[in-house]
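Read the structure below first, then the notes.
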Amino acid sequence: MACERCVCKAKYFVRLAHTFLSVGVPVSLLFKNTLLTRSLLLGENLVFGVMYVLLLVFSLSMYFMACCTDPGFLHVKMKQPMRTKHCEDCGKCVRKYDHHCPWLEACIGERNHKFFWLFLLSTAALIPWTFYISWNGIVYNPLWGTWLRSNILLLIDILILVIGGFVVIGLLGFHTFLMLRGLTTWEAASRERITYLKYLDEDYNPFNEGLCKNMFYFLCSCRSRKWEGVYATHAHMDSSVA
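As numbered in the UniProt record's numbering, residues 1 to 242 make up the sequence shown, in order.
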């Protein structure tokens, strides 16, 4: 019971921290003479500010969709379908398990992986946009001390954006690769320990149905798939070729 309370507190803390950073950095820009301030508060190029806010809202929405959507938990005791893995952090089995994300404090699986990817995509667009606004808000002053005091808030924002940007863009690139190949993080990292993959050729993926199908099923499919059928078809084709 105490462990469940700790997990619940961790979820609230992590998600609150993400919301604070995601909202706090843009709000801090409103306290300086930035493009965002002039757009939203002074009405100069209002479209710029509105589009920025919409992207921010979309990014946060995808974050919480990824957090709160059932990733594909198996709620009854049954034989694990293919691509299912037991998550030690959640204590549940997850369909098409990808990984347990510490920044969401949630599992990423078959039903919420697309929301996680859309969160990464929107955040990867939001970060350089925010960086551009912050950078253009820096004011010049020949005196180092005065310059630092005038720009310290923007410099802190830029530091957060640079660190976060490397992480987000790296994750986006990796999960885009997984989507296009029809793979999961677990399968890519632990292939040699997965029963249904370790006996196949290292460069062969039985779940790869081509770029278009992979993207469609990743982004548009709402139902759990029977991966045993996909595996049987493609694994049989591979053995026939061999």
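Built from N, CA and C at the ideal position, the CB exists for glycine as well.
Could you have a look at residue i and say whether DSSP puts it in helix, strand or coil?
| i | result |
| --- | --- |
| Lys85 | strand |
| Phe174 | helix |
| Phe58 | helix |
| Ile76 | Residue 76 is actually Val in this sequence, not Ile. Residue state, collapsed to three classes: coil. |
| Lys96 | coil |
| Ile108 | strand |
| Cys212 | helix |
| Cys90 | coil |
| Cys101 | strand |
| Ile138 | coil |
| Cys222 | coil |
| Ala10 | helix |
| Thr123 | helix |
| Phe31 | coil |
| Glu187 | helix |
| Lys114 | helix |
| Asn151 | helix |
| Leu159 | helix |
Should residue i be labelled buried (16 or more other beta-carbon atoms within 10 Å of its own) or exposed?
| i | result |
| --- | --- |
| Phe116 | buried |
| Cys67 | buried |
| His18 | buried |
| residue 243 | Residue coverage of the chain in this structure runs from 1 to 242, which leaves residue 243 outside it and unanswerable. |
| Met179 | buried |
| Phe106 | Before going further, note that residue 106 is Ala rather than Phe in the sequence given. By the neighbour-count rule (16 or more Cβ atoms within 10 Å), Ala106 is buried. |
| Phe31 | exposed |
| Asn205 | buried |
| Lys9 | exposed |
Are residue i and residue j closer than 8 Å when you measure CB to CB?
| i | j | result |
| --- | --- | --- |
| Arg38 | Trp227 | no |
| Pro71 | Ile108 | yes |
| Val162 | Asn151 | no |
Nearest by alpha-carbon distance to residue i: which of the options is it?
| i | options | result |
| --- | --- | --- |
| Gly165 | Thr123, Lys85, Phe58 | Thr123 |
| Pro102 | Glu110, Phe58, Cys87, Ile158 | Cys87 |
| Leu120 | Cys93, Phe174, Asp89 | Phe174 |
| Leu36 | Val53, Phe20, Ser22, Leu21 | Val53 |
| Leu29 | Gly229, Gly170, Trp129 | Trp129 |
| Ile158 | Ser59, Gly229, Gly137, Ser221 | Gly137 |
| Cys90 | Thr34, Leu74, Lys79 | Leu74 |
| Lys77 | Met62, Ser61, Val94, Tyr63 | Val94 |
| Gly170 | Gly145, Leu21, Ala125 | Ala125 |
| Leu219 | Asn33, Glu110, Ala10, Lys85 | Glu110 |
| Leu21 | His99, Gly145, Ile156 | Ile156 |
| Gln80 | Tyr217, Tyr196, Leu211 | Tyr196 |
Under 7 Å from any heavy atom of the ligand FMN, does the C-beta of residue i make it?
| i | result |
| --- | --- |
| Val23 | Among the components of this structure there are no ligands whatsoever, and the ligand FMN is therefore not found. |
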